[in-house]
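Numbering (this note's numbering), first residue to last: 1 to 427.
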Ligand SMILES: Cc1ncc(COP(=O)(O)O)c(C=O)c1O
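#1: Could you give the DSSP three-state label for residue 181: helix, strand or coil?
#2: Report yes or no: do the stretch 387-395 and the stretch 305-313 share at least 3 C-beta pairs separated by less than 8 Å?
#3: How about residue 71 and residue 272: are their beta carbons less than 7 Å apart?
#4: Roughly how far, in whole angstroms, is the beta-carbon of residue 350 from the beta-carbon of residue 359, given that I think they are within contact range, below 8 Å?
#5: Excluding the 5 residues flanking residue 112 on each side, which residues of the same chain have their C-beta closer than 6 Å to its C-beta?
#6: Taking contact to mean at least 3 C-beta pairs separated by less than 8 Å, is the stretch 118-127 in contact with the stretch 199-209?
#7: Tell me where the alpha helix (DSSP H) around residue 338 begins and ends.
#8: Hey, residue 318 and residue 251: beta-carbon distance below 7 Å or not?
#9: So residue 238 and residue 226 are supposed to be a Cβ contact under 8 Å. How far apart are they, rounded?
#10: Relative to the C-alpha of residue 40, which residue among 163, 195, 172 and 405 is closest?
#11: Could you pull out every unbroken beta strand (DSSP E) segment of at least 3 residues lying fully inside the stretch 170-256, listed in chain order?
#12: Which of the three DSSP states is assigned to residue 163 in this structure?
#13: Output yes or no for whether 7 Å exceeds the beta carbon distance between residue 32 and residue 43.
#14: What residues match up with residue 63 in a beta bridge as DSSP calls it?
#15: Measuring CB to CB, does residue 254 end up less than 7 Å from residue 101?
#16: Which first and last residues belong to the alpha helix (DSSP H) in which residue 411 is found?
#17: Please tell me whether residue 301 and residue 425 are closer than 7 Å, where the distance is taken between their beta carbons.
#18: Give me, in chain order, the residues of the same chain whose beta-carbon lies closer than 8 Å to that of residue 7; leave out the 5 immediate sequence neighbours on both sides.
#19: Round the Cβ separation of residue 307 and residue 92 to the nearest angstrom and send it over; I've been treating them as touching at under 8 Å.
#20: Can you give me the start and stop residues for the beta strand (DSSP E) that residue 24 sits inside?
#21: Which whole-angstrom value is the C-beta distance of residue 367 and residue 182, which I expect to be below 8 Å?
#22: Less than 6 Å separating the Cβ of residue 234 from some heavy atom of ligand 1?
#23: If I follow the unbroken alpha helix (DSSP H) through residue 143, where does it start and stop?
#24: State the start and end residues of the unbroken alpha helix (DSSP H) segment that holds residue 126.
#25: Going by C-alpha to C-alpha distance, which of 305, 294 and 186 sits closest to residue 69?
#26: Please look up how many angstroms separate the CB atoms of residue 346 and residue 421, rounded, as I've assumed it's under 8 Å.
#27: Residue 349 bridges to which residues according to DSSP?
#28: CA-CA distance, residue 296 and residue 107?
#29: Would you say residue 322 touches ligand 1, meaning its beta carbon is less than 6 Å from a heavy atom?
#30: Would you identify the three-state DSSP class for residue 265, choosing helix, strand or coil?
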């Protein structure tokens, strides 16, 4: 931690010299993390943080867990990638089939974006239709189809497909429909207007931090079944996080397909498409006619190091009591955060679920993307900066909770909230 302290200015300078914007595209250039252990990380200056960034989610059991490290070390000495079936990948697929309700079969990729892109193509191939209905504010990776109406700046009167990046061809918009989250009536009317053209409704079952209202997922499930449209849950975040069987188990609504990522790779690049046998069969050349076959291939798909780390992570998560403790800690943190905001008299609320939550600086119900746009973003960045000074590391809009957070971390976090929120309110 101390040895690199002197090199920090030059490391940052080098980053600015060789990386666009000085970053990998994820977090601000000034945040250079050199070590992580359990619930904590250290930056290049040796400053210690309680980590709620969590590598954007994968480090659900904390950093450097000895059982994960041992599993990875054991595999390292036997080889690191083969482009062939390997025992760890096969075993991980089997663990996923046992855990995730919709999963009859599993195929691996390396990132959530890839899994989402494969799932969209699979749904299109299976139904012979091309449109995907997604929800405004939902994220499904960086593919041209995925990166639509995640964060539209000028969303217009009704939800519509708006590219979130330059370089996405105009033609892509024709095949994406966008509805407001938690609005089953809007979903129904889009389905009726686009009869026989929609391959799948693609959704985060808990969108970013916005939980589904009671009955919403059930209504979407019914509508998709009634119109022979596939329902795909993007569980890259919620998989093995909302419960061991993911959001589909937590909410009791089973999609036809889901995508998984983050937690299943134990901190290494690994993602998956999982789902119904007859749909997943389109990935198997010998099971379908040539015109229905969907090639699904990737140099590192099912990588044995990532699979070994994922297996060790999931083994720890399925120990009795893990999710109860995890949710208790999250609930405790969420209510303490609410209390701090109330006591400071700020117009704000805590949105999310115990595994991931954050403050929204706005009053009124938060049911969809547009309700979050009303929030005071400048105040949010100010609070994040004040917390970083106090040793709390988090993403711009999310606290990701790890099972490594203990009583000491909770107390320290609440003290930091109190100090930062009081300072914010006084400004
Ligand atoms: C819901 C969801 N889907 C897909 C992705 C893309 O995953 P990756 O960053 O591994 O490509 C993310 C990433 O944060 C995500 O939150």
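All C-beta atoms, glycine included, are put in the ideal place defined by N, C-alpha and C.
With the given structure in hand:
#1: coil
#2: no
#3: no
#4: 6 Å
#5: 141, 236, 261 and 271
#6: yes
#7: 322-343
#8: no
#9: In fact, because the Cβ distance is near 25 Å, the residues do not count as touching under 8 Å.
#10: 405
#11: 176-179, 198-203 and 230-235
#12: strand
#13: yes
#14: 38
#15: yes
#16: 407-426
#17: no
#18: Any answer about residue 7 is weak, because its pLDDT of 44 lies below 50 and its placement is not dependable; what the coordinates show is given next. Taken in chain order, the residues that qualify are 44.
#19: 4 Å
#20: From DSSP, residue 24 is part of no beta strand (DSSP E); its letter is neither H nor E.
#21: 4 Å
#22: yes
#23: Per DSSP, residue 143 belongs to no alpha helix (DSSP H) and is neither H nor E.
#24: 112-127
#25: 305
#26: 7 Å
#27: 360
#28: 8 Å
#29: no
#30: helix
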